[in-house]
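Report on the following structure.
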Amino acid sequence: MGELFGLLKEGNKPSLLAAFVNTFIAFLKLGAFFLTGNVAMFAEMMHSFGDAANQFFVFIGSALSKKAPTERFPKGFGRLVNLVCLGAVIIVGILSYETIKEGINHLRHPVESTGFLISLGVLGIAVILELFVLFKAGKEILHEVGISASGVNPLTKSFAHLNRAKPATKLVFMEDLVATSGGLLAMIAVIISHYSGLGQVEGLASIIIGLMMFYVVGRVFLENARGAIGETDDIMRGNIADIVLADSSIKDIQRLDVIKEGEHLHVEVEIEVDPTLTIAEADDIKDRLEHLIYTQKGVTSVVIEFDEDNQIREWT
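Each residue of the sequence shown is one higher than the last, beginning at 1 in UniProt numbering.
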């Protein structure tokens, strides 16, 4: 039990914050839906419950992925966070379907909703809270890539570095981006419906919100499927190649793999050296390279192999 609590402390903090905030928002929207019957509110309620469930799962997965390697699992549990994210998107997919289905039903059979001010107030509170979580997730993204997160940078620069973020942080950011956009869309639909009498607008908003959720499902599924299989980090691969070739004792690189293991990076490199080197000299090179590679952000495992120089340039 002590080990479990220790791992939970290492879990992705933005996902835990988002889970609690979205749970509160979901129940707030649930109460508003019962009072008003607003179908756009229903869509937002489903969205928030889906996000909350996802983010709780992602937090637990990110924590368990920090578990140290065992004899049975020598490469550790890094990819567990990818598997959890894959499971989490199934929940969002189901809720997306229900949201779209409810929107279509409302388009066919529009029902006048009540409680205009209640709907608008609840949605306004939700948007503010979602924007706060989005800001925190954006700040975490910039922290993960080593960029200053001052001012409004978390809401502007984070988009450019989204692909380099950890899987859990990326999922939270994308879900809350859609949640914030969906909340604003639902507010617009409520206002138009109230003043124009066109109840179908709320159904249309529900369909659009559901489609936005499906977009998150598709993108997150593909990215975490690649991570679960074992995806190469091309940027870090180039950085580590530069580090290795900068050593004057290295003649060439035969093979270099930088595999994403969830939030960690596993590095395997096969280098060519002068065949006349002694074992002690080769060991010094190995220690020197390991030290430099381990200083790279996210690297938790390094395997270095040696081969004699074949006088043929292979690494480009």
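Built from N, CA and C at the ideal position, the CB exists for glycine as well. A quick note: this is a predicted structure, and the numbers were derived from the prediction, not measured.
Alpha carbon of residue i to alpha carbon of residue j, nearest angstrom
i, j, result
"S206", "L107", "10 Å"
"A63", "K9", "7 Å"
"V89", "D257", "29 Å"
"S196", "G115", "15 Å"
"V152", "L265", "30 Å"
"S301", "N54", "29 Å"
"E112", "L171", "35 Å"
"L117", "M46", "21 Å"
"K139", "P154", "5 Å"
"V92", "K29", "17 Å"
"V299", "S150", "26 Å"
"L177", "E130", "8 Å"
"A189", "V201", "6 Å"
"H291", "I285", "10 Å"
"T99", "R237", "42 Å"
Whole-Å CB distance - residue i paired with residue j, under 8 Å assumed
i, j, result
"E261", "D307", "In fact, because the Cβ distance is near 25 Å, the residues do not count as touching under 8 Å."
"L245", "G103", "Not a contact, Cβ separation roughly 56 Å."
"W315", "D252", "6 Å"
"L17", "V133", "6 Å"
"H161", "L142", "7 Å"
"V303", "E272", "About 16 Å; that fails the 8 Å criterion."
"G210", "E44", "In fact, because the Cβ distance is near 11 Å, the residues do not count as touching under 8 Å."
For residue i, the three-state DSSP class (helix, strand or coil)
i, result
"K170", "helix"
"Q254", "strand"
"residue 321", "It is not possible to answer for residue 321, since the shown part of the chain is limited to 1 through 316."
"E223", "helix"
"H266", "strand"
"E314", "coil"
"I147", "coil"
"E261", "strand"
"E112", "coil"
"T180", "helix"
Extent of the continuous alpha helix (DSSP H) to which residue i belongs
i, result
"Q55", "39–64"
"N163", "Where N163 is concerned, there is no enclosing alpha helix (DSSP H), given that its DSSP letter is neither H nor E."
"T278", "Segment: none, T278 is in no alpha helix (DSSP H) and carries neither H nor E."
"E140", "116–144"
"R237", "234–245"
"F34", "13–36"
"A88", "80–108"
"P154", "153–156"
Status (buried if at least 16 other CB within 10 Å, exposed otherwise) for residue i
i, result
"T295", "exposed"
"residue 321", "Residue 321 cannot be examined here, being either before or after the span of the chain that is shown, 1 to 316."
"K66", "buried"
"S158", "buried"
"L80", "buried"
"N38", "buried"
"G146", "exposed"
"E223", "buried"
Chain B within 9 Å of residue i, Cβ atoms only
i, result
"Y294", "The question asks about chain B, but that chain is absent: this structure has only one protein chain."
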